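Colleague: What follows is a single structure, and I will ask about it in a moment.
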Amino acid sequence: MKQTISGVVLFCILLIPPVRTYMESIMILHMLVQLPLLILAGWLAGKVVIQKFSRFFAKYNENGVPGITLVIIITMYWMLPRAMDEALTFYHVELFKFLGLPFLVGIPLRDSWHKLKAVGKSFVYLNYLPMFGLMAWLYIDTPIQICNNYLEVQQKVLGWGFLIITAFMVLYIIQFVFTDHSEQES
Amino acid sequence: MSAVISEKKSRNNLVVSYLTVGGIIILAMMVFGVLMLLAQGGSLNLSPAAFYQFLTIHGTGMVGAAALAAAGVMWYFLSKYVELSKKIAQVNLALFLIGVVMVIIGVFSFEYASAWTFLYPLPAISANAWGVTGALLYLFGMLILGIGFLLFYLDTGRAIIKKYGSLAKGLGWDVISGKKAEKDAPSSTIVASTMVTIVNITALTAGAIVLIMNIINVINPAFTFDPLLAKNLTFAFGHIFANSIIYMAVIAVYEILSKYTNRPWKANKPFLIAWTMSTAFTLVIYTHHMLMDSVMPKWMLIMGQVLSYANGLPVLVITAYGALMIVYKSGIKWDMGSGLIFLSMFGWVVGVVPAIVDATIVVNHVMHNTKWVPGHFHMYMALGACAMIFGFMYYLAKEDSNVEEQIFDKIAFLGYTLGILGLSGSFLVSGALSTPRRWATHFPEWMAPANFGAAAGVLTALSLTMFVVHFIRYLSNRNKVEMSPESKKLA
Amino acid sequence: MVQMVASIVSLFFMSVITAIFVFVAAKSQERREYKPIKKKWYKARTFYGVTLVIAMLVVTIYTLRELPYDQPVYGAETEPTIVDVEAVQFGWIMSETEFSVGEPIEFHVTSSDVTHGFGIYDKDKNLLAQTQAMPEYTNEVYITFDKPGTYEILCLEYCGLAHHAMIGKIEVK
């Protein structure tokens with residue numbers, strides 16, 4: 001219950017106009033803070049939803065694959081530079097962001113993640129790794145201003161943000177596979 | 001008992017499918033190779049468009065098919081030690097076939113011809129030779145193929161971690177550091193599989209980045225990327241992935257030779273250190289493809305030379321030496337399986353020589369992108385990696401059926417050996433004569449070796465046909481055995 | 001010249017390797033116990049391994065002394081001729097194509113579309129020097145021709161359907 005409340009609170013905070021405007025005014029905050037926080041809000045609130053509609057989730061998201069596919073498609077959409085631009089220009093895109101990310105990403109992510117097998121999880125992880133790396137490259141390297149609403153400098157900052165995330169993801173995976181996970185010993 | 005047998009049958013079925021698909025594609029690609037050499041030799045009139053389409057399909061197909069067949073070999077032996085998912089191996093095969101179909105349509109129906117290196121920004125800038133559709137079919141086809149292999153290696157990695165605790169233990173680092181006794185070291189199959197899992201997941205990740213990057217650039221050329229970084233990623237992907245083929249196939253050498261000679265081939269400390277070296281070097285030596293980019297940081301290029309030399313050490317001092325030692329005065333019974341496997345070690349070592357020579361920067365200055373390079377990798381891949389795969393085919397046929405080897409097989413063995421030696425030799429001679437690689441036509445003074453190579457290629461293809469015939473005989477024999485009432489009861 | 005040395009070295013080592021494999025294959029039919037063989041040849045391996053590493057080190061140091069990336073040291077009076085080369089699908093745009101024997105030349109090579117390879121061939125079709133022609137980057141080749149004649153520039157990186165027809169000419173007097 002606690003989690004659900006904190007999820008709802010987080011969602012409301014993100015909705016407060018000054019918070020929203022401030023986050024969207026800086027590209028890196030928009031993409032790498034606001035969007036993930038929206039997903040997090042959905043994840044937190046999702047506990048209750050998943051319990052309540054457990055039959056629905058068991059039926060349509062039996063092995064977690066449909067849910068995670070939805071997650072991947074929507075998050076990929078939000079990595080497009082155009083999507084962020086349009087969120088600022090068209091209210092229905094903004095609406096889709098605030099509804100889509102918590103409900104269509106956060107909740108299914110929570111439901112799918114624990115249902116996925118190890119290979120599925122690592123596959124998803126290794127899909128995001130090159131995608132983030134590519135985004136880093138794109139935003140750092142592109143000589144033109146991709147978004148109407150953000151300057152080229154902001155683009156570069158976002159690119160470095162992606163690069164740092166990618167680097168941490170690589171480090172995480174390296175430490176994961178090279179540290180011991182055997183069950184029989186100690 | 002019956003469950004065990006049927007389980008073994010169905011596992012073998014999967015490996016057999018991998019090998020059949022791989023073997024047939026390799027044979028078909030040989031035909032394209034011969035046609036290209038004939039065109040270069042002036043004996044066949046081939047339009048440049050057709051030539052470069054053949055070039056693209058030949059490179060892509062050979063690497064892909066050999067990788068698939070080698071993955072089958074790895075899967076066969078690795079599944080004896082750890083629990084692998086059959087489903088994922090099937091998905092890999094299915095995605096491979098889908099990818100191959102897309103690549104074929106892209107190349108032949110939409111005239112896409114960027115060579116298998118698809119060096120950015122060539123897919124998008126083709127001087128109107130091909131359009132967006134062809135490029136996208138090819139690039140997405142490769143991506144799908146890559147996804148299949150990624151799943152495959154994620155599964156092998158998962159299985160190794162589950163059984164041994166971590167990839168570090170799969171490489172035997174606890175034995176190297178002395179925490180564990182040498183006798184408890186992971187088997188050579190595990191070590192090799194761990195190495196391949198590490199390098200290929202890295203390669204496929206780099207490949208995914210560079211493929212999607214090219215896709216973005218093809219769809220919207222306004223998005224441009226750094227061509228030097230693109231080149232680094234392309235070769236990181238291509239070199240590692242192609243290189244991994246021999247490291248997967250060599251598992252067959254370890255397993256089969258020790259069985260034939262009745263001598264153990266255990267992983268000891270030098271063996272483990274050698275494989276750790278191979279893991280590290282394979283990941284970083286791709287820079288020897290970029291020695292002619294003087295804008296690269298100089299230290300990286302010097303490392304490219306130094307580490308390429310060093311990368312010869314594990315095979316020269318450990319693996320090939322071990323193979324020679326295990327065969328020496330062993331009273332081994334030579335048949336097609338053991339013969340091809342022994343030949344493959346020869347092919348590997350002899351094929352490494354021109355590579356090391358060419359990795360020398362001053363040599364590379366006048367030999368890079370000449371036919372010297374295909375001279376190296378035809379020997380290394382066809383006489384090395386593919387001989388391992390075909391040797392494994394004969395071994396499997398013997399294990400799994402009662403089909404017998406005939407005199408034709410022995411003739412084919414000789415034909416294959418001489419064919420590849422002739423083919424690679426002709427490439428090396430061309431390279432020494434400064435003939436550029438990837439040229440649709442040659443000047444008259446460069447034609448003779450190309451024609452000789454084509455003849456050698458025909459001999460190779462005919463010999464390989466004999467190998468494939470044997471494999472098909474095994475398949476039909478095996479099916480008959482399956483259909484007999486006795487085995488029905490078992491299943 | 002370099003090609004010759006490279007070929008002979010390769011041929012030598014490939015012959016040695018062939019001889020070793022043939023020898024082992026010939027000796028394979030005898031049957032001896034493995035333990036003593038292992039003991040003996042492990043010892044030999046240490047020696048062989050160390051020799052190989054030392055040999056590689058020597059060759060490495062020897063071949064890394066002078067690299068084609070290093071700009072040559074010019075005399076006080078000599079100024080190198082700088083030639084701007086731009087590769088396009090499918091031809092070479094060079095700021096200068098006539099040179100004289102003994103003149104130090106620097107080719108500054110770039111490309112305006114895809115990656116090409118800039119290879120300088122003499123009239124006997126021997127490759128003298130090369131570098132990659134990359135978009136957005138400029139690679140340099142340093143060369144001094146010591147024989148007069150017509151030299152050709154061939155493309156050494158696959159760049160599209162007329163890749164093999166991408167030939168430029170330079171004259172050295």
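Residue numbers (UniProt numbering), protein chains in the order written: chain A, 1 to 186; chain B, 1 to 491; chain C, 1 to 173.
No residue lacks a Cβ here, since even glycine has one placed at the ideal position from N, Cα and C.
Model, not experiment: these values are computed from the prediction.
Let me check understanding here. Comparing Cα to Cα, which of C:R45, C:A19, C:Q29 and C:A162 lies closest to V315 of chain B?
Modeller: To locate residue 315 of chain B, count along the second sequence from 1; it is residue 315. For V315 of chain B, the nearest C-alpha among the options comes from C:R45.
Colleague: So with CB distances below 8 Å, who are the chain B contacts of V119 of chain A?
Modeller: Translated into positions along the first sequence, residue 119 of chain A becomes position 119. Those within 8 Å of V119 of chain A in chain B are S85, I88, L151, L154, D155 and R158.
Colleague: When Cβ atoms are compared, which residues of the region 349-380 of chain B fall closer than 7 Å to chain C?
Modeller: Result list: V349, V350, V353, P354, V357, T360, I361, V362, V363, H365, V366, M367, H368, N369 and T370.
Colleague: Helix, strand or coil for H116 of chain C? Go by DSSP, reduced to three states.
Modeller: For the purposes of this step, residue 116 of chain C is taken as residue 116 along the third sequence, with counting starting at 1. Strand.
Colleague: Compute the Euclidean distance between the alpha carbons of L462 of chain B and C386 of chain B, then round it to the nearest angstrom.
Modeller: The residue you call residue 462 of chain B lines up with position 462 of the second sequence. The residue you call residue 386 of chain B lines up with position 386 of the second sequence. Computed Cα separation, rounded: 15 Å.
Colleague: Quick check: G22 of chain B and A69 of chain B, are their CB atoms within less than 9 Å of each other?
Modeller: Taking the second sequence and counting its residues from 1, the one referred to as residue 22 of chain B is at position 22. Taking the second sequence and counting its residues from 1, the one referred to as residue 69 of chain B is at position 69. Yes, the Cβ-Cβ distance between G22 of chain B and A69 of chain B is below 9 Å.
Colleague: Between the C-alpha atoms of Y69 of chain C and V114 of chain C, what's the straight-line distance to the nearest angstrom?
Modeller: In the third sequence, the residue the question calls residue 69 of chain C occupies position 69. In the third sequence, the residue the question calls residue 114 of chain C occupies position 114. Distance between the alpha carbons of Y69 of chain C and V114 of chain C is about 22 Å.
Colleague: Below 7 Å on C-beta distance, what does M14 of chain C contact in chain B?
Modeller: As a position in the third sequence, residue 14 of chain C is number 14, starting the count at 1. Ordered by position in chain B, the residues that pass the 7 Å Cβ test against M14 of chain C are V350 and V353.
Colleague: Could you work out which residues of chain A lie near L167 of chain B, taking near to mean beta carbons separated by less than 7 Å?
Modeller: On the second sequence, position 167 is the one that residue 167 of chain B refers to. Going along chain A in sequence order, the residues near L167 of chain B (Cβ under 7 Å) are V177 and F178.
Colleague: Give me, in chain order, the residues of the same chain whose beta-carbon lies closer than 6 Å to that of T142 of chain A; leave out the 5 immediate sequence neighbours on both sides.
Modeller: Taking the first sequence and counting its residues from 1, the one referred to as residue 142 of chain A is at position 142. Correct list: empty, nothing qualifies.
Colleague: Out of A:L80, A:G106, A:V157 and A:P130, state which residue places its alpha-carbon closest to the alpha-carbon of F223 of chain B.
Modeller: Translated into the one-based positions of the second sequence, residue 223 of chain B becomes position 223. Selected option, being the one with the closest Cα: A:L80.
Colleague: Helix, strand or coil, according to DSSP, for L161 of chain C in the structure here?
Modeller: Looking up residue 161 of chain C in the third sequence gives position 161. In this structure, L161 of chain C counts as coil in the three-state DSSP scheme.
Colleague: Output, in sequence order along the chain, the residues in the region 182-193 of chain B whose CB is closer than 7 Å to any CB in chain C.
Modeller: Answer set for the region 182-193 of chain B: empty.
Colleague: Looking at the secondary structure, which residues open and close the alpha helix (DSSP H) in which D400 of chain B lies?
Modeller: Numbered from 1 along the second sequence, position 400 holds the residue referred to as residue 400 of chain B. Start and end: A387 to D400.
Colleague: Step through the CB atoms of chain C and report whether any lies within less than 9 Å of the CB of V101 of chain B.
Modeller: Looking up residue 101 of chain B in the second sequence gives position 101. So no, V101 of chain B is outside the interface.
Colleague: My output table needs one value for Y150 of chain A: the three-state DSSP class, helix, strand or coil.
Modeller: Your numbering for residue 150 of chain A matches position 150 in the first sequence. The answer is coil: DSSP assigns Y150 of chain A none of H, G, I, E or B.
Colleague: Which residues in the same chain have their Cβ closer than 8 Å to the Cβ of V91 of chain B, if we skip the five residues on either side of it in sequence?
Modeller: Position 91 of the second sequence holds residue 91 of chain B. So the qualifying residues of the chain are G148 and L151.
Colleague: Taking only runs that begin and end inside the region 68-119 of chain C, name each unbroken beta strand (DSSP E) of 3 or more residues, in chain order.
Modeller: Qualifying beta strand (DSSP E) stretches, in chain order: 81-88, 91-94 and 104-111.
Colleague: Using the beta-carbon count (16 or more within 10 Å), is E486 of chain B buried or exposed?
Modeller: Position 486 of the second sequence holds residue 486 of chain B. Confidence at E486 of chain B is low in this model, with a pLDDT of 43, below 50, so its placement is unreliable and no value can be given for it.
Colleague: What's the gap between the Cα of A192 of chain B and the Cα of V16 of chain B?
Modeller: Start at 1 with the first residue of the second sequence, and residue 192 of chain B comes out as number 192. Start at 1 with the first residue of the second sequence, and residue 16 of chain B comes out as number 16. Distance between the alpha carbons of A192 of chain B and V16 of chain B: 21 Å.
Colleague: For the structure I just gave you, are there three or more beta carbon pairs, one from the region 267-281 of chain B and one from the region 208-228 of chain B, closer than 8 Å?
Modeller: The answer is no - the region 208-228 of chain B does not touch the region 267-281 of chain B, with fewer than three Cβ pairs under 8 Å.
Colleague: Shorter than 9 Å from the beta carbon of I13 of chain A to some beta carbon of chain B?
Modeller: Within the first sequence, residue 13 of chain A is the residue found at index 13, counting from 1. With 9 Å as the cut-off, I13 of chain A does not count as an interface residue toward chain B.
Colleague: Does DSSP classify N128 of chain B as helix, strand or coil?
Modeller: One-based indexing of the second sequence puts residue 128 of chain B at position 128. Three-state DSSP puts N128 of chain B in coil, outside helix and strand.
Colleague: Out of A:F178, A:I173, A:P130 and A:W78, which has the shortest C-alpha to C-alpha gap to L163 of chain A?
Modeller: Sequence index remark: in the first sequence, residue 163 of chain A carries index 163 (1-based). Closest by alpha carbon: A:P130.
Colleague: Between A454 of chain B and chain C, is any beta-carbon pair separated by less than 9 Å?
Modeller: Along the second sequence, read from residue 1 onward, the residue named residue 454 of chain B stands at position 454. Chain C contact via Cβ: absent.
Colleague: Below 8 Å on C-beta distance, what does Y164 of chain B contact in chain A?
Modeller: Taking the second sequence and counting its residues from 1, the one referred to as residue 164 of chain B is at position 164. S182, listed in chain order.
Colleague: Assign W75 of chain B to buried or exposed, taking buried as 16 or more other Cβ atoms, counted over all protein chains shown, within 10 Å of its Cβ.
Modeller: One-based indexing of the second sequence puts residue 75 of chain B at position 75. The residue is buried, with at least 16 neighbouring Cβ atoms inside 10 Å.
Colleague: For Y416 of chain B, I'd like the list of residues in its chain whose CB is within less than 7 Å of its CB, leaving aside the five on either flank, ordered along the chain.
Modeller: Walking along the second sequence from the start, residue 416 of chain B turns up at place 416. Taken in chain order, the residues that qualify are T460, S463 and L464.
Colleague: Any C-beta of chain A sitting closer than 9 Å to the C-beta of F223 of chain B?
Modeller: The residue labelled residue 223 of chain B in the question sits at position 223 within the second sequence. At least one chain A Cβ lies under 9 Å of F223 of chain B.
Colleague: Mapping the DSSP letters down to three states, classify I302 of chain B as helix, strand or coil.
Modeller: By 1-based counting over the second sequence, the position of residue 302 of chain B is 302. Note: I302 of chain B maps to helix in three-state DSSP.
Colleague: So with Cβ pairs under 9 Å, would you call P143 of chain A a contact of chain B?
Modeller: As a first step, residue 143 of chain A is located in the first sequence; it is residue number 143 there, counting from the start. Output row for P143 of chain A: interface = yes.
Colleague: Just checking, does the region 162-173 of chain C make contact with the region 96-114 of chain C on the three C-beta pairs under 8 Å criterion?
Modeller: The answer is yes - the region 96-114 of chain C touches the region 162-173 of chain C, with three or more Cβ pairs under 8 Å.
Colleague: Looking at the secondary structure, which residues open and close the beta strand (DSSP E) in which residue 177 of chain C lies?
Modeller: Absent from the model: residue 177 of chain C. The displayed extent of chain C is 1 to 173, so no value can be given.
Colleague: S122 of chain A CB to nearest chain B CB: under 9 Å?
Modeller: By 1-based counting over the first sequence, the position of residue 122 of chain A is 122. Yes, contact with chain B.
Colleague: State the beta-bridge partners of G149 of chain C as determined by DSSP.
Modeller: Here the question's residue 149 of chain C lines up with position 149 in the third sequence. The partner list for G149 of chain C (beta bridge, DSSP) reads C:V172.
Colleague: Which whole-angstrom value is the C-beta distance of W265 of chain B and I341 of chain B, which I expect to be below 8 Å?
Modeller: Numbered from its first residue, the second sequence carries residue 265 of chain B at position 265. Numbered from its first residue, the second sequence carries residue 341 of chain B at position 341. No, W265 of chain B and I341 of chain B are not in contact; Cβ-Cβ is about 12 Å, not under 8 Å.
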